[in-house]
Each structure stands twice: as structure tokens, then as C-alpha cells.
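Engineer:
There are 2 protein chains.
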Amino acid sequence: MILTITLNMALDVTYHVETFEHGHTTRVGKVSRRAGGKGVNVARVLHELGHDVLVTGLAGGFTGRAARAELRAAGLRDELIEIDGQSRLTLVVVDREGSATGFWEPGPVVAAPEWQAALRRCSELAASASVVVLSGSLPAGVPADAYAQLVAAATEGGVPALLDADGEALALGATAGPAVVKVNASELASATGEHEVQAGARALRRAGARTVVVTDGAAGLTCFADQGVLHAAAPEVLGGNPTGAGDAVSAALAAGMVAGVPWPERLAEAAALSAAAVSAPQAGSFDPDVYRQLRTTVQAVAV
Amino acid sequence: MILTITLNMALDVTYHVETFEHGHTTRVGKVSRRAGGKGVNVARVLHELGHDVLVTGLAGGFTGRAARAELRAAGLRDELIEIDGQSRLTLVVVDREGSATGFWEPGPVVAAPEWQAALRRCSELAASASVVVLSGSLPAGVPADAYAQLVAAATEGGVPALLDADGEALALGATAGPAVVKVNASELASATGEHEVQAGARALRRAGARTVVVTDGAAGLTCFADQGVLHAAAPEVLGGNPTGAGDAVSAALAAGMVAGVPWPERLAEAAALSAAAVSAPQAGSFDPDVYRQLRTTVQAVAV
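So the protein lines, in turn, are chains A and B.
According to numbering that gives the first Met the number 0, the residues represented by the first sequence are 0 to 302, in order.
According to numbering that gives the first Met the number 0, the residues represented by the second sequence are 0 to 302, in order.
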């Protein structure tokens with residue numbers, strides 16, 4: 000089982016409207032509500048790939064319950080930990096021209112005992128996982144070294160961790176020795192202070208990350224590991240939706256960790272799945288035809 | 000006990016933002032969530048006035064549960080009837096300049112057996128009420144004569160009904176003999192086809208309404224009854240929020256029906272409470288100082 004941990008679970012709501020105007024009221028045509036957060040997207044992709052995946056993290060309030068109900072309806076197992084605060088809601092209003100106007104509600108504030116209980120429960124669940132994926136932002140009240148503590152708990156139990164975080168959470172998390180850090184170029188720069196990708200990846204590896212995979216949009220993925228540096232890129236997908244492409248990369252890397260796939264194939268697979276995710280309209284899904292086609296053609300090369 | 004029936008219960012959500020732009024994402028500063036719908040506003044005002052009030056109607060989905068939780072937190076008793084569909088959510092985004100941009104989600108579709116069960120339950124509850132207030136729109140799936148059926152059930156049991164509706168629901172509802180119909184001038188015209196208030200009120204009374212109270216914003220209230228025509232108006236409240244003023248009128252009229260207050264006092268009280276509601280920021284509340292002051296000064300006069 001692959002465990003995905005989403006500490007800042009969300010309810011993602013989309014309103015489809017013809018058009019709307021400031022100061023006026025608009026009737027919404029179609030409403031969709033989905034559980035959100037990076038870890039949830041990773042879990043959706045893994046589930047669609049046929050992997051046994053378990054969703055955990057923090058969820059609270061009616062938004063948390065609605066997100067959980069949607070996860071179950073989508074066939075995903077969860078062991079989310081209930082908090083008193085209300086999980087954040089992200090609203091996107093999409094008009095007929097595809098323009099997206101977003102409103103992000105403030106997230107919950109997690110109490111110290113809630114975090115301690117969550118740390119214990121996540122550590123228990125991690126003990127029976129083959130890989131633990133830790134993704135996304137931290138809600139208020141959760142300590143900056145939350146990922147470091149969770150990575151340490153998994154790693155001490157012999158379970159490899161994949162970390163996808165930002166800022167201080169990433170910088171501290173890397174010191175706990177995650178098997179893989181997945182990061183984009185700007186997150187890498189802000190966490191390490193290094194503006195050159197190679198130097199940033201080296202800094203994270205020196206801090207404790209075993210392997211660092213850097214995503215750079217259509218330019219593809221670069222993997223920095225003991226064995227050297229690898230690069231893989233899929234042909235650019237035009238007019239797609241890049242939201243969730245990074246989560247597809249995490250999903251492919253986690254799947255490769257479970258199966259012990261060698262790094263060149265693992266990275267090529269991640270590049271193919273990422274491009275297939277850009278081809279799909281929603282984060283957490285991918286275009287299976289694009290994926291099937293690209294996974295036989297994309298190759299990783301040593302740099 | 001005064002029973003308020005809200006067949007199209009809502010969850011009213013307000014986002015307070017500094018400003019927002021099309022095509023961009025805005026972090027929401029403050030979020031408020033309240034149960035909504037005209038009958039709920041009437042119940043809030045009656046509760047604030049110290050009356051024993053019970054909220055019923057149809058509520059479903061997580062929006063229905065959230066609305067119900069808020070009602071309870073506000074100290075209001077409810078016997079809402081659960082439906083499978085999801086209660087409508089109305090979102091208003093208010094910027095620092097007070098401009099309000101609304102998004103109305105589509106409401107639920109009520110199944111025929113749900114409506115039958117609701118009719119039975121509302122009729123049971125009405126039997127132990129002293130007055131029944133029926134307010135607001137009908138959700139899809141509820142028959143156009145829903146208010147007629149509910150008014151008939153209450154009236155046959157000897158309980159007077161106050162109806163605040165629109166269009167066909169009002170036209171049909173009036174035929175069942177409600178003690179009072181409360182209506183604004185444009186609703187009156189659309190329900191009766193009469194563009195003159197006096198003619199419209201006469202048409203509703205001929206159809207079956209015992210008394211008709213017509214609201215006309217700051218111009219005040221006109222009451223058409225067997226005893227003649229009365230008018231009452233409070234001094235205009237400048238810069239207030241007229242949303243919910245009509246619900247304050249219904250609340251005052253229902254309270255007057257319970258106590259058997261003579262019509263001149265009852266109408267003056269309704270005009271005072273309506274102006275006090277305009278002075279309060281939210282529908283379902285009123286400014287108690289304005290109310291105390293106006294109820295001793297506003298007078299109804301025969302027209």
C-alpha cells in the first residue's frame with residue numbers, strides 16, 4: 000500500500016458560468032466539488048493506475064466531510080484524521096471563455112494536541128506502507144518541521160518517503176533523509192537560496208535527501224542521484240492544464256519506488272505521466288491514451 | 000409556537016475580500032455561513048423578539064447540514080425534513096467598497112415521495128402551532144400548489160396561515176384561504192396581472208386571502224382587510240440593507256396574529272420592525288434601538 004499524507008486537505012469547488020459581473024448576481028450552471036490537495040491528487044493518479052493507495056492527513060468541518068464523501072464515491076480509501084477546524088475550500092469560477100477566477104478560503108488552525116495525535120496516527124499507518132508520499136502546504140498550527148518528523152518516522156521504520164513541499168517545510172523535511180524529494184525550480188530556489196538548479200539539488204542532497212527530482216514544466220524532469228544526473232522530457236502538450244502535472248510526477252515516482260524500477264525508466268515514466276496529466280482537464284487525472292503512447296517513446300538520458 | 004416553513008432552505012455564504020479580479024485568485028479574509036431562506040429570516044426575527052418559534056422545511060446535502068448546524072448554534076429549534084438533493088448555496092463576495100457579487104448555485108430537485116412526506120410532516124407540526132408562516136420560493140419538483148396544500152392543512156386544523164410567496168405559488172396559495180398574504184407590489188402584479196395595488200389586493204382577496212398586506216419599500220405598508228384599508232410607514236432609513244425587511248414584516252404580522260393585536264397596531268409594529276431590519280446589516284436581524292424608538296411613533300392611518 001502507498002500512503003499519501005495531505006496535511007492541508009481541501010474541498011475544491013468549481014462553478015461553471017456563462018459570464019459574471021462585479022456587483023451583480025449570477026446563476027451558476029454547473030457545480031463540481033472534489034477533495035483537493037496535492038496528496039489527494041497523487042492518490043487519485045495512483046488509484047487510476049491500479050495501485051493500492053490509502054489517503055491520510057487532516058480534515059475537518061463540513062468541507063472536510065464533503066471532501067471525504069467525494070473521495071469514497073471515487074473509490075479511494077481514506078484514514079483521514081478529524082480536526083476541529085474547517086478544511087479550506089478553494090472556489091474557482093470558470094466562464095465560457097475558460098477564464099478562471101479563484102477565491103481561497105482561509106484554512107483551519109490545527110491545535111497542538113491534534114498535530115501530536117496526527118503524527119502518531121500517520122506513523123502507525125506508515126509502518127504498514129511500502130512508500131509514504133508527503134505533499135503540499137502545512138496548515139496553521141502544524142510545526143514547520145512536520146514533514147521532517149513524518150519522514151523520520153517512516154524512514155526509521157524502513158519505509159521510504161517521497162517529499163513534495165515548499166519553503167521551510169521542504170528545507171527541514173530534507174534533513175530527515177527522504178528517499179526522494181520532488182520539487183519545481185522555483186520551490187528549489189526558495190528552499191535552498193540557490194538559483195541554479197544543479198546547486199539547489201546538491202544543497203538538498205547534502206541536507207539529507209537521497210535523490211532530488213526537479214520539474215521544469217515542458218522542459219521536463221531532471222533527477223539528481225548517487226548514480227549521476229538524468230533528464231527526461233515528453234513532447235509538449237499544447238493547450239492543456241498544467242495543474243496536477245507535478246502530482247502525476249510524484250505518483251509515477253512512488254509507483255516506481257514500490258516496484259524498484261531502475262531510475263532511467265522511472266524518470267521516463269514520470270515524464271510521460273506528467274504530460275498525460277496536462278492533457279486531462281482536472282488535477283488528479285491523466286489521459287490514458289496519451290500515457291500509453293508516451294510511456295513507450297519517452298527516454299531518460301544521462302546529462 | 001409559531002411554525003415557519005421554508006421549502007427552499009439555503010446556505011448563505013459571504014466572502015469578505017479587499018478586492019478581486021477576473022482571471023486571478025484572491026485570498027478570502029473572512030467567511031460567514033448562515034442558514035438562509037425567507038422563512039429562516041422570519042424565524043430569526045421572531046426568536047430575537049422572544050417568541051417560541053420552530054423552523055421546518057426541506058434541507059439536504061452538506062449545505063443543508065451546515066445550515067442546520069448554524070441554526071442550532073443561533074439557538075433556533077428546527078424540525079427540518081431531510082431530502083436527498085443538496086440545498087442551494089448562495090455566495091456573495093463583498094469587497095471593501097461594499098460591492099456585492101453573487102453566485103447562486105442551482106437548488107435541489109425534490110422527489111415526489113419526499114414532497115408527500117414533507118406535506119404530512121408539515122401538517123402534523125402545523126397542528127400544534129398557533130400561526131404558520133410560509134415563505135419563499137419552491138424548489139424544483141415541489142408542485143406549484145404546494146402552498147395551497149399547506150395553507151389548507153393548517154386552516155382546516157384551525158391554525159391561521161401567513162403566506163409570502165410569488166408567481167403561481169402565490170396565486171394558487173391564495174385560493175386556500177390564508178389569513179394573511181404579505182406581498183410586495185411587483186409580486187402582487189405578477190401574481191394577479193393587476194398593475195394597480197388596490198386592484199391586485201382585491202383580486203387576491205377575492206381568490207381567498209382574508210387580508211392582504213402590500214409592502215412598498217420606504218413608502219410603507221398597506222393593509223387590505225374586511226375592516227377597510229390601512230397604511231403605515233416609518234421614516235426612511237438611509238444607507239441600510241433592505242434585504243430581509245419583508246421578512247421582518249412577516250415576523251411582526253405573525254407575532255400580532257398570535258397575540259390578537261388589532262390591525263392598526265399590528266401594521267404600525269410591522270412598519271417599525273421593517274425599518275429596524277433595514278438598519279441592521281444582515282437579513283434576519285434588526286436594530287433593537289431603532290425598533291424601540293419607532294414602535295412608539297409609527298402610526299397606521301385609515302386610507
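Beta carbons are placed, not taken as given, at the ideal position from N, Cα and C, and that holds for glycine.
Which bits of chain B does threonine 100 of chain A rub up against, with CB to CB less than 9 Å?
Structural biologist: If you number the first sequence from 1, residue 100 of chain A lands on position 101. Within chain B, the residues near threonine 100 of chain A are Phe19, Glu20, His21, Gly22, His23, Thr24 and Thr25.
Engineer: Between the Cα of leucine 6 of chain A and those of A:Ser86, A:Arg76 and A:Gly28, spot the shortest distance and give me the residue it belongs to.
Structural biologist: By 1-based counting over the first sequence, the position of residue 6 of chain A is 7. Answer by Cα proximity: A:Ser86.
Engineer: So if DSSP puts serine 31 of chain B in a beta bridge, which residue, or which two residues, is it bridged to?
Structural biologist: On the second sequence, position 32 is the one that residue 31 of chain B refers to. Beta-bridge pairing links serine 31 of chain B to B:Thr13.
Engineer: Tell me the rounded alpha-carbon separation between arginine 43 of chain B and leucine 75 of chain B.
Structural biologist: Reading the second sequence from its first residue, position 44 is the one you call residue 43 of chain B. Reading the second sequence from its first residue, position 76 is the one you call residue 75 of chain B. Spanning the two alpha carbons is a distance of roughly 7 Å.
Engineer: If you compare alpha carbons, which of B:Gly207, B:Val180, B:Gly176 and B:Asp215 is closest to glutamate 195 of chain B?
Structural biologist: Numbered from its first residue, the second sequence carries residue 195 of chain B at position 196. Comparing Cα positions, the closest option is B:Asp215.
Engineer: When we look at the beta-carbon of histidine 23 of chain B and count the other beta-carbons within 10 Å, is it buried (16 or more) or exposed?
Structural biologist: Counted from its first residue, the second sequence places residue 23 of chain B at position 24. Its Cβ having fewer than 16 others within 10 Å, histidine 23 of chain B is exposed.
Engineer: If we require 3 or more residues per run, which beta strand (DSSP E) segments fall completely within the stretch 64-144 of chain A?
Structural biologist: Runs of the beta strand (DSSP E) inside the stretch 64-144 of chain A: 80-82, 87-93, 99-103 and 130-134.
Engineer: From the DSSP output, in three-state form, read off glycine 60 of chain A for me.
Structural biologist: For the purposes of this step, residue 60 of chain A is taken as the residue at position 61 of the first sequence. Helix.
Engineer: Starting from the Cα of arginine 244 of chain B, find the closest Cα among B:Thr210, B:Ala258, B:Ala224 and B:Ala279 and give me that residue.
Structural biologist: By 1-based counting over the second sequence, the position of residue 244 of chain B is 245. The question names arginine, but residue 244 of chain B in the sequence shown is alanine. Taking only the C-alpha atoms, the option nearest alanine 244 of chain B is B:Ala279.
Engineer: Beta-carbon within less than 6 Å of valine 228 of chain B's beta-carbon, same chain only, minus the 5 sequence neighbours each way: which residues are those?
Structural biologist: Residue numbering aside, residue 228 of chain B sits at position 229 when the second sequence is read from its first letter. For valine 228 of chain B, where only same-chain residues beyond five positions count, the Cβ hits under 6 Å are Val302.
Engineer: Do leucine 133 of chain A and leucine 162 of chain A have their CB atoms nearer than 8 Å?
Structural biologist: Residue mapping note: residue 133 of chain A aligns to position 134 of the first sequence, counting from 1. Residue mapping note: residue 162 of chain A aligns to position 163 of the first sequence, counting from 1. Result yes, Cβ atoms of leucine 133 of chain A and leucine 162 of chain A sit closer than 8 Å.
Engineer: Hey, is arginine 71 of chain A's beta-carbon within less than 8 Å of any beta-carbon in chain B?
Structural biologist: If you number the first sequence from 1, residue 71 of chain A lands on position 72. Not closer than 8 Å to any Cβ of chain B, the Cβ of arginine 71 of chain A fails to qualify, so no.
Engineer: Just mark threonine 62 of chain B as buried or exposed, buried being the case when its beta carbon has 16 or more other beta carbons within 10 Å.
Structural biologist: To locate residue 62 of chain B, count along the second sequence from 1; it is residue 63. Label assigned to threonine 62 of chain B: buried.
Engineer: Is DSSP giving histidine 230 of chain A helix, strand or coil here?
Structural biologist: As a working note, residue 230 of chain A is residue 231 in the first sequence. In this structure, histidine 230 of chain A counts as strand in the three-state DSSP scheme.
Engineer: Which of the three DSSP states, helix, strand or coil, is assigned to asparagine 240 of chain A?
Structural biologist: Counted from its first residue, the first sequence places residue 240 of chain A at position 241. Residue state, collapsed to three classes: coil.
Engineer: Three-state secondary structure (DSSP) at leucine 252 of chain B?
Structural biologist: Position 253 of the second sequence, counted from the first residue, corresponds to residue 252 of chain B. DSSP places leucine 252 of chain B in helix when its eight states are reduced to three.
Engineer: Measuring alpha carbon to alpha carbon, tell me which residue in A:Ala66, A:Ser31, A:Gly172 and A:Asp51 is nearest arginine 209 of chain A.
Structural biologist: Position 210 of the first sequence, counted from the first residue, corresponds to residue 209 of chain A. The residue with the shortest Cα to Cα distance from arginine 209 of chain A is A:Gly172.
Engineer: For a test of the three-state rule: what should DSSP assign to aspartate 288 of chain A, helix, strand or coil?
Structural biologist: Residue mapping note: residue 288 of chain A aligns to position 289 of the first sequence, counting from 1. If DSSP states are grouped into helix, strand and coil, aspartate 288 of chain A belongs with the helices.
Engineer: Which residues in chain B have a C-beta closer than 7 Å to the C-beta of arginine 61 of chain A? List them in chain order.
Structural biologist: For the purposes of this step, residue 61 of chain A is identified with residue 62 of the first sequence, where counting begins at 1. First, the residue type needs correcting, since residue 61 of chain A is phenylalanine and not arginine in the sequence shown. Correct list: Phe61, Arg64 and Ala65.
Engineer: Count the other C-beta atoms from every protein chain shown that fall within 10 angstroms of the C-beta of aspartate 246 of chain B, then say buried if there are 16 or more, exposed otherwise.
Structural biologist: Position 247 of the second sequence, counted from the start, is the residue given in the question as residue 246 of chain B. Aspartate 246 of chain B should be labelled buried.
Engineer: Could you name the residues of the stretch 99-124 of chain A whose beta carbon sits closer than 9 Å to any beta carbon of chain B, in the order they occur along the chain?
Structural biologist: Correct list: Ala99, Thr100, Gly101, Phe102, Trp103, Glu104 and Pro105.
Engineer: Pick out the complete alpha helix (DSSP H) segments inside the stretch 194-228 of chain A, 4 residues or longer, and give them in chain order.
Structural biologist: For the stretch 194-228 of chain A, whole alpha helix (DSSP H) runs of length 4 or above, ordered along the chain, are 196-206.
Engineer: Establish whether the CB of tyrosine 14 of chain A and some CB of chain B are separated by less than 8 Å.
Structural biologist: For the purposes of this step, residue 14 of chain A is taken as residue 15 along the first sequence, with counting starting at 1. Tyrosine 14 of chain A counts as touching chain B.
Engineer: Which chain B residues are close to valine 39 of chain A, counting only those with a beta carbon under 9 Å from its beta carbon?
Structural biologist: Here residue 39 of chain A refers to the residue found at position 40 of the first sequence. Neighbours of valine 39 of chain A on chain B: none; closest Cβ ~17 Å, over 9 Å.
Engineer: How would you call lysine 181 of chain A, buried or exposed, if buried means at least 16 neighbouring beta carbons within 10 angstroms?
Structural biologist: Taking the first sequence and counting its residues from 1, the one referred to as residue 181 of chain A is at position 182. Buried, by the Cβ-count rule.
Engineer: So, is lysine 29 of chain A buried or exposed, given that buried needs 16 or more other C-beta atoms within 10 angstroms?
Structural biologist: Against the first sequence, residue 29 of chain A aligns to sequence position 30. Burial call: exposed.
Engineer: Assuming the contact rule is C-beta atoms closer than 8 Å, alanine 200 of chain B and threonine 174 of chain B should be a hit. Round their C-beta distance to whole Å, please.
Structural biologist: In the second sequence, residue 200 of chain B corresponds to position 201, counting from 1. In the second sequence, residue 174 of chain B corresponds to position 175, counting from 1. That pair is no contact at about 15 Å.
Engineer: Please classify aspartate 11 of chain A as buried or exposed, where buried requires at least 16 other C-beta atoms within 10 Å of its C-beta.
Structural biologist: The count along the first sequence starts at 1 and reaches residue 11 of chain A at position 12. Under this definition aspartate 11 of chain A is a buried residue.
Engineer: Quick one: list the residues of chain A neighbouring valine 92 of chain B, beta-carbon separation under 8 Å, in chain order.
Structural biologist: Position 93 of the second sequence, counted from the start, is the residue given in the question as residue 92 of chain B. Simply Phe102.
Engineer: Cβ of tyrosine 290 of chain B within 8 Å of Cβ of leucine 266 of chain B?
Structural biologist: Within the second sequence, the letter at position 291 stands for residue 290 of chain B. Within the second sequence, the letter at position 267 stands for residue 266 of chain B. No, Cβ-Cβ distance for tyrosine 290 of chain B and leucine 266 of chain B is not below 8 Å.
Engineer: Can you tell me which of the three DSSP states aspartate 163 of chain B falls into?
Structural biologist: Reading the second sequence from its first residue, position 164 is the one you call residue 163 of chain B. Strand at aspartate 163 of chain B.
Engineer: Would you check if there are 3 or more beta carbon pairs closer than 8 Å linking the stretch 253-268 of chain A to the stretch 37-51 of chain A?
Structural biologist: Yes: at least three Cβ pairs fall under 8 Å.
Engineer: With asparagine 7 of chain B as the anchor, note down where its alpha helix (DSSP H) starts and where it stops.
Structural biologist: Position 8 of the second sequence, counted from the start, is the residue given in the question as residue 7 of chain B. First-last for asparagine 7 of chain B: undefined, no H or E at that position.
Engineer: Tell me which residue opens and which closes the alpha helix (DSSP H) that alanine 270 of chain B is part of.
Structural biologist: Walking along the second sequence from the start, residue 270 of chain B turns up at place 271. Taken as a continuous stretch (DSSP letters only), the alpha helix (DSSP H) holding alanine 270 of chain B covers 262-277.
Engineer: For the putative contact between glycine 38 of chain A and isoleucine 80 of chain A, defined by C-beta atoms under 8 Å, what is the C-beta separation to the nearest angstrom?
Structural biologist: Counting from one through the first sequence, the residue named residue 38 of chain A turns up at place 39. Counting from one through the first sequence, the residue named residue 80 of chain A turns up at place 81. That belief does not hold up - the Cβ atoms of glycine 38 of chain A and isoleucine 80 of chain A are roughly 13 Å apart, past 8 Å.
Engineer: Specify the secondary structure class of valine 257 of chain B as computed by DSSP and reduced to three states.
Structural biologist: Reading the second sequence from its first residue, position 258 is the one you call residue 257 of chain B. Three-state DSSP puts valine 257 of chain B in a helix.
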